[in-house]
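Following: one structure in structure tokens, then a few remarks.
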Amino acid sequence: MRTSGRKVYVSNFLSPVAPNYDKSCWFDEKHKLGMDFPNLPYLEDGDRKIVQSNAIMRYIARKHNLCGESDDEKVRVDILENQAMDFRNGFVTLCYADFDKMKPGYTERLPGTLKQFSEFLGTRKWFAGDKITFVDFIMYELLDQHIMFDSKCLDDFKNLQELVDRFEALEKIAAYMKSSLFIKTPVNNKMAKWGNKKE
Numbered sequence: 192m193r194t195s196g197r198k199v200y201v202s203n204f205l206s207p208v209a210p211n212y213d214k215s216c217w218f219d220e221k222h223k224l225g226m227d228f229p230n231l232p233y234l235e236d237g238d239r240k241i242v243q244s245n246a247i248m249r250y251i252a253r254k255h256n257l258c259g260e261s262d263d264e265k266v267r268v269d270i271l272e273n274q275a276m277d278f279r280n281g282f283v284t285l286c287y288a289d290f291d292k293m294k295p296g297y298t299e300r301l302p303g304t305l306k307q308f309s310e311f312l313g314t315r316k317w318f319a320g321d322k323i324t325f326v327d328f329i330m331y332e333l334l335d336q337h338i339m340f341d342s343k344c345l346d347d348f349k350n351l352q353e354l355v356d357r358f359e360a361l362e363k364i365a366a367y368m369k370s371s372l373f374i375k376t377p378v379n380n381k382m383a384k385w386g387n388k389k390e
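To get the numbering used here, take the position in the sequence shown, counting from 1, and add 191.
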């Protein structure tokens, strides 16, 4: 499998299930790859060429049984995937718009948002149940970025912090995060007002 781009959660997701992936120069190849919608990141798996982060995530998840097993688990995955997208979109708006003006309001609302995720997780090991699913990768990235944004944001949400710790302790994730392939920062494009620099 092959992917290009710097989407952290796709890289995190690939690390335990498809370790043989690499980056290449995008602009030299973009229009030569026969993709319907040339975009980053992209994944090649045999004759399939897949673009869009969420499509890549779901494709890999289906191949590796990471979409939930029971109907109830699959429903939880579907719900959380969309709720996480709303969470991401709100954070992206903050990071790319008038950051200094919007930060106080976002910070004030953040505990309420995190409380909803905490209650949804409850006492489960992972968001869908006992087995990890692809939405745990998405939520890990979002929670990790919010810890960078506010280091104390999970202090009142023990189960979310435990999920972050549990994710980072996964054998292949831990090895990946120690490797040269792992990119902790920047988490946003250079045009962003926050998270746009390597630290």
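Each residue gets a CB set at the ideal place from its N, CA and C atoms; glycine is no exception.
Beta-carbon proximity of residue i to residue j, cut-off 9 Å
i	j	result
glutamate 272	isoleucine 364	no
leucine 305	cysteine 258	no
lysine 384	aspartate 291	yes
leucine 351	leucine 312	yes
glycine 404	glutamine 336	As shown, the chain starts at 192 and ends at 390. That puts residue 404 outside it, with no answer to give.
proline 377	lysine 369	no
glutamate 390	lysine 375	yes
phenylalanine 308	phenylalanine 340	no
Cβ separation of residue i and residue j, assumed to be a contact under 8 Å, to the nearest whole Å
i	j	result
glutamate 260	lysine 316	Not quite, the Cβ-Cβ distance comes to about 14 Å (not below 8 Å), so this is no contact.
Distance, residue j Cα to residue i Cα
i	j	result
glutamate 171	glutamate 299	Residue 171 lies beyond the range of the chain shown here (192 to 390); nothing can be said about it.
lysine 294	asparagine 256	38 Å
methionine 318	valine 268	The question names methionine, yet the displayed sequence has phenylalanine at residue 318. Cα to Cα, the separation comes out at about 8 Å.
methionine 226	serine 244	14 Å
glycine 303	glutamate 362	32 Å
cysteine 411	leucine 224	In the structure as shown, the chain begins at 192 and stops at 390. Residue 411 is therefore absent and cannot be evaluated.
serine 342	aspartate 289	21 Å
threonine 194	asparagine 379	Note that threonine 194 scores a pLDDT of 36, beneath 50, so its modelled location is shaky; the value from the coordinates is reported in the next line. Those two C-alpha atoms are separated by around 19 Å.
isoleucine 270	aspartate 262	12 Å
aspartate 219	serine 371	24 Å
arginine 239	lysine 254	13 Å
threonine 314	arginine 357	13 Å
glutamate 353	valine 266	23 Å
Chain-order list of residues whose beta-carbon lies under 6 Å from that of residue i (same chain, five-residue window excluded)
i	result
glutamate 264	Ala319 and Gly320
alanine 252	Cys258 and Phe325
Beta-carbon proximity list for residue i, same chain, < 7 Å, skipping 5 on both sides
i	result
lysine 221	Pro229
isoleucine 241	Tyr233, Leu234, Ile247 and Tyr250
alanine 275	Val326, Ile329, Met330 and Leu333
Residues of its chain near residue i, where Cβ-Cβ distance is below 8 Å and the 5 sequence neighbours each way are ignored
i	result
valine 355	Tyr331, Leu334, Asp335, Ile338 and Leu345
threonine 284	Met293
The ligand NAP heavy atom lying under 8 Å from the CB of residue i
i	result
isoleucine 247	Questions concerning the ligand NAP fall outside what the structure shown contains, since it holds no ligand whatsoever.
Could you tell me whether the stretch 233–244 touches the stretch 273–285, where touching means 3 or more Cβ pairs closer than 8 Å?
Judged by Cβ distances under 8 Å, the stretch 233–244 makes no contact with the stretch 273–285, as fewer than three pairs qualify.
Does the stretch 238–252 come close enough to the stretch 315–330 to have 3 or more Cβ pairs within less than 8 Å?
With the cut-off at 8 Å, the stretch 238–252 and the stretch 315–330 touch.
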